[in-house]
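Peer 1: Sending over a structure as structure tokens; questions will come in a sec.
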Amino acid sequence: MLRLVRIEARWPQAVKGPSAAGEDSSSAIRKGRGAAGYLLAGAFGVGAGLWLGSVFSSPAPDASTALYKRSTAFVQACETAGVEISRLRRATFFIDDCSKPIVTPIFGEEGQLIVTRTVQGHADDDDGERVSYSVKMDGRGVNRWRAIEVKRVPSHLTLDVSLLPTKASKATQR
27 MLRLVRIEAR WPQAVKGPSA AGEDSSSAIR KGRGAAGYLL AGAFGVGAGL WLGSVFSSPA
87 PDASTALYKR STAFVQACET AGVEISRLRR ATFFIDDCSK PIVTPIFGEE GQLIVTRTVQ
147 GHADDDDGER VSYSVKMDGR GVNRWRAIEV KRVPSHLTLD VSLLPTKASK ATQR
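In the working numbering, the protein residues as written are 27 to 200.
What follows is the structure, given as structure tokens:
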């Protein structure tokens with residue numbers, strides 16, 4: 027059983043300081059408690075005001091707004107790209123994080139972008155090297171990002187020989 031016990035501190039007359047204009051010690055204690063209560067209430071009010079200001083000053087994104095138009099679009103696209111890459115690989119350890127995503131908007135295709143993520147390779151599948159993936163994402167929807175294409179980025183410079191001019195094309199130009 028719990029019992030509430032009130033203990034009052036009684037100060038000896040020698041410890042009690044001089045009272046102003048004949049007030050007793052209990053009224054001085056009440057004034058001190060009142061001032062502390064006002065300070066505590068003021069601090070609480072300031073904290074509550076700051077919290078409410080931060081909640082209501084930044085409006086939540088509209089549910090009908092496309093994902094690519096939202097303020098967190100690149101971070102969400104990066105996270106979704108990581109999920110898509112994880113589906114392709116057994117174990118995935120991303121070297122980069124989505125706090126500073128590598129995103130390239132595709133001009134001419136509204137709402138689409140390319141996210142590049144780097145993965146630490148494993149000895150049996152990537153020769154222990156870092157491997158980069160590019161994921162083409164579509165953010166025109168309002169519910170989730172959609173991965174259109176996932177490609178492994180070559181670790182060395184490649185040249186498409188089919189685009190080089192041939193001897194036959196040089197002869198026809200003359």
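Each residue gets a CB set at the ideal place from its N, CA and C atoms; glycine is no exception. What you are looking at is a predicted structure, and each value in this text was computed from that prediction instead of being measured.
With a Cβ-Cβ cutoff of 9 Å, do residue 108 and residue 120 count as a contact?
Peer 2: yes
Peer 1: So which of 110, 71, 92 has the shortest CA-CA distance to residue 178?
Peer 2: 110
Peer 1: Pull up the distance between the alpha-carbon of residue 190 and that of residue 169, whole angstroms please.
Peer 2: 44 Å
Peer 1: Quick check for students: name the residue ranges of the alpha helix (DSSP H) that lie wholly in the region 56 to 135, counting only runs of 4 or more.
Peer 2: 99 to 114
Peer 1: Mind the definition here: the region 129 to 142 touches the region 154 to 166 only if three or more C-beta pairs lie below 8 Å; say whether that holds.
Peer 2: With a cut-off of 8 Å, the region 154 to 166 and the region 129 to 142 count as touching, because enough Cβ pairs lie within range.
Peer 1: Kindly give me the distance between the Cβ atoms of residue 165 and residue 93, rounded to whole angstroms, as I take these residues to be in contact under 8 Å.
Peer 2: 4 Å
Peer 1: On the CB-based measure, 16 or more other CB atoms within 10 Å of its CB, does residue 106 come out buried or exposed?
Peer 2: buried
Peer 1: Cα-Cα, which of 146, 78, 172 is closest to residue 137?
Peer 2: 172
Peer 1: What is the DSSP secondary structure of residue 141, reduced to helix, strand or coil?
Peer 2: strand
Peer 1: With a threshold of 16 other CB atoms inside 10 Å of the CB of residue 127, please say whether the residue is buried or exposed.
Peer 2: buried
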